[in-house]
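Mapping of the first sequence onto this note's numbering: residues 2 to 287, in sequence order.
The block underneath contains the structure these notes are about, expressed in structure tokens.
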Amino acid sequence: MSFFPANNYNLAATLASGQAFRWYPNVQGAWEGVIGREFLMLRQQPNGIEAHSSNANPNSSAIQHYLQTDIDIDAITATFPNDPPMQAAIAACRGLRLLRQDPWECLASFILSSTKQIVQIQQIVGALCECYGEEISMAAVCPCSNNSLRFAFPSAAKLASLSEPQLRSCKMGFRAPYLLKTARLISSGELDLESLRKMKTPEARETLCTLPGVGEKIANCVLLFAYGFQDAFPVDVWVQKAIRQLYFPKRKPSAKRLKHFVQTHFGPNAGYAQQYLFHYMRTQRL
DNA sequence: GACCAGGACCATT
DNA sequence: AATGGTCATGGT
């Protein structure tokens with residue numbers, strides 16, 4: 002067992018807010034999931050996160066980085082605009098963090114996300130891991146609330162070696178050719194996901210958008226959830242509903258006007274604010 | 001049984 | 001530039 006101190010960490014909101022798709026609550030109220038090649042059971046504690054790992058020697062720095070336990074979340078939410086909708090979202094999601102995920106897993110997962118509900122994305126990703134991911138060696142803990150958690154997320158090289166029908170067997174439908182082509186571009190080195198780290202947001206976004214199946218929305222998700230570009234602002238149907246319903250209740254803003262609004266209204270951590278709005282809308286059923 | 005889901009892409013206007 | 005249809009699958 003290891004412990005990661007954190008101030009004001011909301012584990013449930015963080016893991017269930019649709020940024021990552023491999024976390025499941027178990028019957029004891031802990032969260033089971035996979036980071037890299039490590040199966041983990043995480044439990045909320047008053048002053049941090051308790052972790053049980055499948056590894057004899059847990060990769061503590063990787064876990065802390067993924068969970069972002071060290072950041073000052075109150076300093077971030079303090080930069081959000083002081084308007085009623087945003088303050089309501091902060092109150093409803095207090096302690097919600099943005100994760101810092103592996104770029105490939107995040108990219109592949111969000112290619113599979115288009116016009117799918119979060120539960121279905123979890124099912125597709127789970128099937129993909131069970132079929133094509135490497136088995137995790139379970140030295141220390143015995144799961145599993147979900148069998149797919151016994152497998153790592155498949156590498157780009159592994160998926161690149163498959164056929165489109167093999168991918169379709171994981172129920173991803175028309176997204177299969179997108180994922181396959183992107184996996185081949187990544188594994189061939191034609192696009193280096195690490196090279197994005199030293200780019201500024203617009204250039205990194207344009208680079209991701211050259212990949213098949215990746216448009217502005219999915220690119221923004223990857224920039225925000227994997228790389229930590231906190232000005233990336235994904236607009237999906239929920240966030241669109243939040244903006245229109247909470248900020249423009251009467252008139253219907255054009256797409257252009259709406260885009261300008263989200264780029265100017267939410268401050269230096271706009272992407273973070275977006276995640277609060279997203280989770281707020283989904284949990285409050287507004 | 002409709003309706004919709006953390007969209008992208010291509011063909012029309 | 002801006003809409004509209006299409007893609008595959010399953011939850012609500």
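Ideal Cβ positions, reconstructed from N, Cα and C, are used throughout, including at glycine.
Predicted model, so just to flag it, every value in this text is computed and none were measured.
Problem set entry | Helix, strand or coil at ARG95 according to DSSP, with G and I counted as helix | coil
Exercise. Considering only residues of the same chain and omitting the five flanking positions on each side of GLY127, which have a CB-CB separation below 6 Å?
Worked result: SER149, listed in sequence order.
Exercise. Excluding the five sequence neighbours on either side, which residues of its own chain have a C-beta within less than 8 Å of the C-beta of ALA52, listed in chain order?
Worked result: MET2, SER3, PHE4, PHE5, LEU41, MET42, LEU43, ARG44, PRO59, ILE64
For this session: Could you work out which residue in TRP239, LYS201, GLN246 is closest to GLY229 when comparing CA atoms only?
Result: The shortest C-alpha to C-alpha distance from GLY229 to any of TRP239, LYS201, GLN246 is the one to LYS201.
Exercise. Measuring CB to CB, does HIS280 end up less than 7 Å from SER18?
Worked result: yes
Problem set entry | Alpha carbon of SER61 to alpha carbon of SER196, nearest angstrom | Pairing SER61 with SER196, the inter-Cα distance amounts to about 25 Å.
For this session: Write down every uninterrupted run of the alpha helix (DSSP H) in the stretch 102-133 whose length is 4 residues or greater and which is fully enclosed by it, in chain order.
Result: 104-112, 119-133
Exercise. DSSP on TRP32, reduced to helix/strand/coil?
Worked result: strand
For this session: Tell me whether MET173 counts as near the ligand FMN, meaning its Cβ is closer than 6 Å to at least one heavy atom of that ligand.
Result: For the structure depicted, the ligand FMN is absent and the ligand set is empty, with no information on it obtainable.
Exercise. So the alpha helix (DSSP H) PHE279 belongs to, where does it begin and stop?
Worked result: 271-285
Exercise. Ordered along the chain, which non-local residues of its own chain (more than five positions away) have a Cβ less than 6 Å from that of GLN20?
Worked result: LEU100, PHE226
Exercise. For MET87, which three-state DSSP category applies?
Worked result: helix
Exercise. For ALA140, which residues from the same chain have a beta carbon less than 7 Å from its beta carbon, with the 5 sequence-adjacent residues on both sides left out?
Worked result: Correct list, in chain order: SER55, ASN56, ALA57.
Problem set entry | Proximity below 7 Å, CB of GLU157 to CB of ALA184 | What sits at residue 157 in the sequence shown is Ala, not Glu. Yes, they are a contact pair.
Exercise. In terms of residues, what are the limits of the alpha helix (DSSP H) holding PRO166?
Worked result: Per DSSP, PRO166 belongs to the alpha helix (DSSP H) from 165-169.
Exercise. Looking at PRO82 and HIS261, is the spacing between their C-beta atoms short of 7 Å?
Worked result: no
Exercise. If you follow the beta strand (DSSP E) that PHE4 is part of, which residue opens it and which one closes it?
Worked result: 3-6
For this session: Work out the CA separation of CYS222 and ILE244 for me, nearest whole Å.
Result: 18 Å
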